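Engineer: Here it is: the structure, laid out below.
Number of protein chains: 2
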Amino acid sequence: AGELWRARWGDESQAGPMTTATSIMRVQQLLITQFDAIAGRHGLTFARYEALVLLAFSRGGQLSMGRIGERLMVHPTSATNIVQRLAAQGFVERVQNPKDRRGALAVITDTGRAAMEATTADLEAARFGLGMLGQDDQQALFSLLRGVRVAAGDFVDSADRPGS
Amino acid sequence: AGELWRARWGDESQAGPMTTATSIMRVQQLLITQFDAIAGRHGLTFARYEALVLLAFSRGGQLSMGRIGERLMVHPTSATNIVQRLAAQGFVERVQNPKDRRGALAVITDTGRAAMEATTADLEAARFGLGMLGQDDQQALFSLLRGVRVAAGDFVDSADRPGS
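As C-alpha cells, this is what we get:
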C-alpha cells in the first residue's frame, strides 16, 4: 500500500513510517510462508514448531497452557488449539497440572523433539530466509528492530523472568 | 526464541538469522496489535482497513474478490470473509462482476471511505508505530527489508502490473 500512498500524497511527511511498516508486514509474510513450508515437511506449521521449541527449552519439557500462550504471544484459545493439534500428532502429551487442578500441562514427547530438531535443521539450512543479508546487514537490521521493541516495552517481560 | 537458542548453542553461526527472523516476527506482532487497536476505534481491523485502502485507490473504487486476495496476499477465503464483514458494516457493496457472471466485485461506499480516512489519520498521528525511529533509521530499515523482498522476488508482481 506504500506505493498507493505515495501516488496520492507524494513522498512527504508520513510516507516513511507507512512504507516501512508495510515492509515489515510484508517481510514477515514472506518469512512465515517459507517457514510454514519448511515446518510442513515435518508435519508442523511454524506456530506449532515454535510451541515445540518453547517446550523443548523449558524445565522438564513442560509448560501450562497459559504460559505457552504468554510466551508465544497468542490468544489462550490459539495456544489450546496448537497444543491439541500437537497432542493429536503425538508430539506432546497433556497431563494434569499438579499446581492447578483445572489446568493442563503440555509435555513434549521424544517424537516431538525429533520433529522439532529436524525442522530446526531445515530452517538453519535455509538460513531462516535471511541468507541474502550479510553479517553486517543482519546485525543492522536486528539493532533497528530492537529499537522498535525496546520503545514498545518488549523486553520488560524477559528481563523480569530470565530463563522462564 | 532467539534467547533460548543462544542459551543452547551460543552466539555462533546460525544465531544471527534466527534472532533477526524472530525480531521481524515480533515487531510485526507489536505493530499489528497497535494497528488493530487503532482501526478498532473506527469499527475496523487492520486487515479490513487494508482492504478499504486498496479499494479506495482502485479505479472506480472497486475490485474483484480474486484481485483483493492477491493484492492483500491472503487466501481467497480470507478475502471473501473480509469483504463480507465490510459489506455487513455498510463499508462496501457487493455487485455482480460484468466480466465474470459467477464473480462479485466489492465497491467502497462513502461510509467506507470515511472510516478509511479516519483510520488513516489516527495511524498517521501514531506514526504507524515507528515514531521512535529517526528519518535515517527509518530509511535504513526500509532499505534492509527491501533487500529481503527483492531477493524473495517480491517486486516482480508490482513491476508486471504498474498501477493495478
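Taken in order, these protein sequences are the chains called A and B.
If you use UniProt numbering, the first sequence corresponds to residues 15 to 178, in order.
If you use UniProt numbering, the second sequence corresponds to residues 15 to 178, in order.
Cβ atoms here follow ideal geometry from the backbone N, Cα and C, with glycine treated the same way.
Keep in mind it's a predicted model, so treat the numbers as computed, not measured.
Determine, using beta carbons only, whether A:Gln-110 comes closer than 8 Å to chain B.
Structural biologist: To locate residue 110 of chain A, count along the first sequence from 1; it is residue 96. A:Gln-110 does not count as touching chain B.
Engineer: Assuming A:Leu-66 contacts A:Leu-44 (C-beta within less than 8 Å), just tell me the rounded distance between them.
Structural biologist: The residue given as residue 66 of chain A occupies position 52 in the first sequence. The residue given as residue 44 of chain A occupies position 30 in the first sequence. Not really, about 23 Å apart at Cβ, beyond 8 Å.
Engineer: Since A:Leu-137 and A:Ile-52 should fall inside the 8 Å C-beta cutoff, what is the C-beta to C-beta distance between them, to a whole number of angstroms?
Structural biologist: Working through the first sequence from its first residue, we reach residue 137 of chain A at position 123. Working through the first sequence from its first residue, we reach residue 52 of chain A at position 38. With 8 Å as the limit, A:Leu-137 and A:Ile-52 qualify as a contact, their Cβ atoms being about 6 Å apart.
Engineer: Using CA atoms only, rank isn't needed, just tell me which of A:Gly-75, A:Gly-74, A:Arg-73, A:Leu-68 is closest to A:Ile-82.
Structural biologist: Here residue 82 of chain A corresponds to residue number 68 of the first sequence, with the count starting at 1. Comparing Cα positions, the closest option is A:Leu-68.
Engineer: Counting contacts by CB-CB distance shorter than 8 Å, is A:Ile-38 in contact with chain B?
Structural biologist: For the purposes of this step, residue 38 of chain A is taken as the residue at position 24 of the first sequence. Taking a beta-carbon distance threshold of 8 Å, A:Ile-38 counts as an interface residue toward chain B.
Engineer: Of all the CB atoms in chain A, is at least one closer than 8 Å to the CB of B:Arg-160?
Structural biologist: Locating residue 160 of chain B in the second sequence gives position 146, counting from the first residue. Cβ-Cβ to chain A under 8 Å: yes for B:Arg-160.
Engineer: For the beta strand (DSSP E) containing B:Asp-50, list its first residue and its last residue.
Structural biologist: Locating residue 50 of chain B in the second sequence gives position 36, counting from the first residue. First-last for B:Asp-50: 29-54, but that is the alpha helix (DSSP H), not the beta strand (DSSP E).
Engineer: Assuming A:Leu-77 contacts A:Ala-120 under a Cβ cut-off of 8 Å, what Cβ separation, rounded to an integer in Å, is found between them?
Structural biologist: As a first step, residue 77 of chain A must be located in the first sequence, where it is residue number 63. As a first step, residue 120 of chain A must be located in the first sequence, where it is residue number 106. For a cut-off of 8 Å, the C-beta gap from A:Leu-77 to A:Ala-120 is around 6 Å, short enough to register as a contact.
Engineer: If you drop the 5 nearest sequence neighbours on each side, which residues of the same chain put their C-beta closer than 7 Å to that of A:Gly-75?
Structural biologist: Taking the first residue of the first sequence as 1, we reach residue 75 of chain A at position 61. So the qualifying residues of the chain are Leu-69, Val-121, Ile-122.
Engineer: Take every Cβ of the stretch 146-162 of chain B, pair it with every Cβ of the stretch 49-63 of chain A, and state whether three or more of those distances are shorter than 8 Å.
Structural biologist: no
Engineer: My understanding is that B:Glu-64 touches B:Leu-86, with C-beta atoms under 8 Å, so please give their C-beta distance in whole angstroms.
Structural biologist: Indexing the second sequence from 1 puts residue 64 of chain B at position 50. Indexing the second sequence from 1 puts residue 86 of chain B at position 72. That pair is a contact at about 6 Å.
Engineer: Of the choices B:Ala-165, B:Asn-95, B:Phe-60, whose alpha-carbon is the least far from that of B:Gln-48?
Structural biologist: Numbered from 1 along the second sequence, position 34 holds the residue referred to as residue 48 of chain B. Closest by alpha carbon: B:Phe-60.
Engineer: Let's see if you can read the secondary structure: which residues bound the beta strand (DSSP E) around B:Leu-77?
Structural biologist: Position 63 of the second sequence, counting from 1, holds the residue named residue 77 of chain B. Residues 76-78.
Engineer: Evaluate B:Ser-178 with the Cβ neighbour count: other Cβ atoms within 10 Å of its Cβ, from every protein chain shown; 16 or more gives buried, anything less gives exposed.
Structural biologist: One-based indexing of the second sequence puts residue 178 of chain B at position 164. Reliability of the predicted coordinates at B:Ser-178 is poor, the pLDDT of 36 falling under 50, and no value is obtained from them.
Engineer: Is it right to say B:Phe-105 is buried, meaning 16 or more other beta carbons lie within 10 angstroms of its own, or is it exposed?
Structural biologist: Taking the first residue of the second sequence as position 1, residue 105 of chain B is located at position 91. Result: buried.
Engineer: Assuming A:Gly-30 contacts B:Gln-42 (C-beta within less than 8 Å), just tell me the rounded distance between them.
Structural biologist: Position 16 of the first sequence, counted from the first residue, corresponds to residue 30 of chain A. Position 28 of the second sequence, counted from the first residue, corresponds to residue 42 of chain B. Contact doesn't hold; Cβ gap of about 18 Å is too wide.
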